[in-house]
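What follows is a short report on a single structure.
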Amino acid sequence: MLELKKLRTLFELSGGKTVTAVDGVSFEIKPGEVVGLVGESGSGKSVTALSIMGLLAANSRVESGEILWDGRNLLELTLSELRKLRGRDIALIFQNPLAALNPVFTIGNQMVETIQEHFSLDYKKSKDLALSWLKKVNIPDPEARFDQYPHECSLGMCQRIMIAITLVMKPRLLIADEPTASLDVTIQAQILHLLAELKDELDMSVLLVSHDMGVVAQQCDRVMVMYLGQIVEEGPTDKIFADPKHPYTKALLRAIPVPDPSKKHAFEPLAGDIPSPLNIPSGCSFHPRCSEKLPGCESQSPGIYSVQGCRVACHLFK
Ligand SMILES: Nc1ncnc2c1ncn2[C@@H]1O[C@H](COP(=O)(O)OP(=O)(O)O)[C@@H](O)[C@H]1O
Ligand SMILES: [Mg+2]
Numbered sequence: 001m002l003e004l005k006k007l008r009t010l011f012e013l014s015g016g017k018t019v020t021a022v023d024g025v026s027f028e029i030k031p032g033e034v035v036g037l038v039g040e041s042g043s044g045k046s047v048t049a050l051s052i053m054g055l056l057a058a059n060s061r062v063e064s065g066e067i068l069w070d071g072r073n074l075l076e077l078t079l080s081e082l083r084k085l086r087g088r089d090i091a092l093i094f095q096n097p098l099a100a101l102n103p104v105f106t107i108g109n110q111m112v113e114t115i116q117e118h119f120s121l122d123y124k125k126s127k128d129l130a131l132s133w134l135k136k137v138n139i140p141d142p143e144a145r146f147d148q149y150p151h152e153c154s155l156g157m158c159q160r161i162m163i164a165i166t167l168v169m170k171p172r173l174l175i176a177d178e179p180t181a182s183l184d185v186t187i188q189a190q191i192l193h194l195l196a197e198l199k200d201e202l203d204m205s206v207l208l209v210s211h212d213m214g215v216v217a218q219q220c221d222r223v224m225v226m227y228l229g230q231i232v233e234e235g236p237t238d239k240i241f242a243d244p245k246h247p248y249t250k251a252l253l254r255a256i257p258v259p260d261p262s263k264k265h266a267f268e269p270l271a272g273d274i275p276s277p278l279n280i281p282s283g284c285s286f287h288p289r290c291s292e293k294l295p296g297c298e299s300q301s302p303g304i305y306s307v308q309g310c311r312v313a314c315h316l317f318k
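Heads up: the sequence shown is residues 1 to 318, going by my numbering.
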């Protein structure tokens, strides 16, 4: 369905410098799959998502690679072809629902507008569809909410409304970029649960982008771990969690807070900061923070090795 081949996305900075935010990323998402893209902030997750959607900032561009959707390279589509595809085939929800909702229009207005952009329905039918979706995302009293403005709703409710506006078009792939990062923990769980339910109902695929290994563990069939613009490990969620291979994946897993104090494995935040993409370390870019580094790691970038059903980019598996 979606396939990325060696995607490279750059930013042009003032002074003529360029930053490679996504550096040769390849992956595939199949129908019905829920795939997690996880890594510390700054690793290139959002830029990957925006590249797929064709929504990069003005100072950013895809330098090379392919983004195939049912075999068609999205990078070769015209803007109007891409607009048609956006929302209806591939949809994106962001971290901050308030930034995505328009503050000057009512929720109902925004929903009806989106519906009428994509379906030829009259106002009454569009409104009915909008109300049925507000109900689906568990908004109490949808009739009343329909006439309210975004600022009259809580953040969690705005995210539900965004999900309704996005999913009303029944996309085949939903890219959810940190959809719960701005919400309280209890609301986070509700939203993730809702997404899982709707995913089954609509039979869509999900690319769940998160810095939080815990979130990804609960939701995903498969996990891809990203570091400084590259995927360093990829595999089925149970395998990645039971037996992580890459030292970065292991470190991310140790950094999940453990609520049970009797558990031996203590919470251990990741050592060191993620380097600036302006100054990517030589060889394996994780080597300065790696506790298992070998002599060649500073000078040679690792190949990608298949290990027990996972792919891992690390010299330890040569
Ligand atoms: N608007 C921008 N201008 C310049 N560089 C940017 C911009 N947005 C992102 N980047 C670069 O891309 C890298 C990856 O960013 P991003 O994909 O947002 O990370 P993530 O979503 O994993 O936290 C950043 O570390 C930064 O170097
Ligand atoms: Mg991001």
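C-beta atoms are modelled at their ideal positions from N, C-alpha and C, and glycine is treated no differently.
query	result
Just to confirm my understanding: we take residue 82, look at its own chain, exclude 5 residues before and 5 after, and list those with CB closer than 6 Å. What are they?	54
Could you check where the alpha helix (DSSP H) with residue 183 kicks off and where it finishes?	Run containing residue 183: none; DSSP gives neither H nor E here.
State whether the region 174-188 contacts the region 3-14, with contact taken as three or more CB pairs (one from each stretch) at a distance under 8 Å.	no
With a threshold of 16 other CB atoms inside 10 Å of the CB of residue 49, please say whether the residue is buried or exposed.	buried
Can you tell which of 194, 209 and 208 has its C-alpha closest to the C-alpha of residue 202?	194
Going by the beta-carbon positions, is the gap between residue 216 and residue 249 smaller than 8 Å?	no
For ligand 1, is there a heavy atom less than 7 Å away from the beta-carbon of residue 59?	yes
Since residue 281 is in the beta strand (DSSP E), which residue starts that stretch and which ends it?	Segment: none, residue 281 is in no beta strand (DSSP E) and carries neither H nor E.
Are the CB atoms of residue 6 and residue 44 within a distance shorter than 8 Å?	no
Which residue or residues does DSSP assign as beta-bridge partners of residue 58?	Paired residues: none, contrary to the question.
Quick check: the Cα distance between residue 166 and residue 269, rounded to an integer number of angstroms?	35 Å
Assuming residue 205 contacts residue 29 under a Cβ cut-off of 8 Å, what Cβ separation, rounded to an integer in Å, is found between them?	5 Å
Taking the DSSP output, what are the residues bridged to residue 113?	BP columns for residue 113 are empty, so no partner.
Which of helix, strand or coil does DSSP assign to residue 149?	coil
For a test of your reading of the model: does the CB of residue 242 fall under 7 Å from any non-hydrogen atom of ligand 1? Yes or no.	no
Spatial neighbours of residue 70 within its chain, please: CB distance less than 7 Å, with the 5 preceding and 5 following residues excluded, ordered by chain position.	1
Let me check understanding here. Comparing Cα to Cα, which of 120, 315 and 180 lies closest to residue 159?	180
Who does residue 207 pair with in a DSSP beta bridge?	35 and 175
Use the C-beta contact count for residue 308: other C-beta atoms within 10 angstroms, 16 or more gives buried, fewer gives exposed.	exposed
For the candidate residues 98, 22, 272 and 303, whose alpha-carbon lies nearest to that of residue 284?	303
Can you tell which of 294, 242, 228 and 106 has its C-alpha closest to the C-alpha of residue 25?	228
With C-beta atoms as the reference, is residue 162 less than 8 Å away from residue 91?	no
Indicate, with yes or no, if ligand 1 has a heavy atom lying under 7 Å from the CB of residue 11.	yes
Please state if the CB of residue 149 and the CB of residue 97 are separated by a distance shorter than 8 Å.	no
Say yes only if the C-beta of residue 221 is nearer than 7 Å to one or more non-hydrogen atoms of ligand 2, and no if none qualify.	no
Just list the residues that DSSP pairs residue 49 with in beta bridges.	Per DSSP, none; premise fails for residue 49.
Report back the beta-carbon spacing between residue 292 and residue 316 to the nearest angstrom; my notes put them in contact at under 8 Å.	6 Å
Can we count residue 17 as close to ligand 2, meaning its CB is less than 7 Å from some heavy atom?	no
Beta carbon of residue 65: closer than 7 Å to some heavy atom of ligand 1?	no
Can the beta-carbon of residue 116 be found closer than 8 Å to that of residue 126?	yes
For residue 272, name the three-state secondary structure that DSSP assigns.	coil
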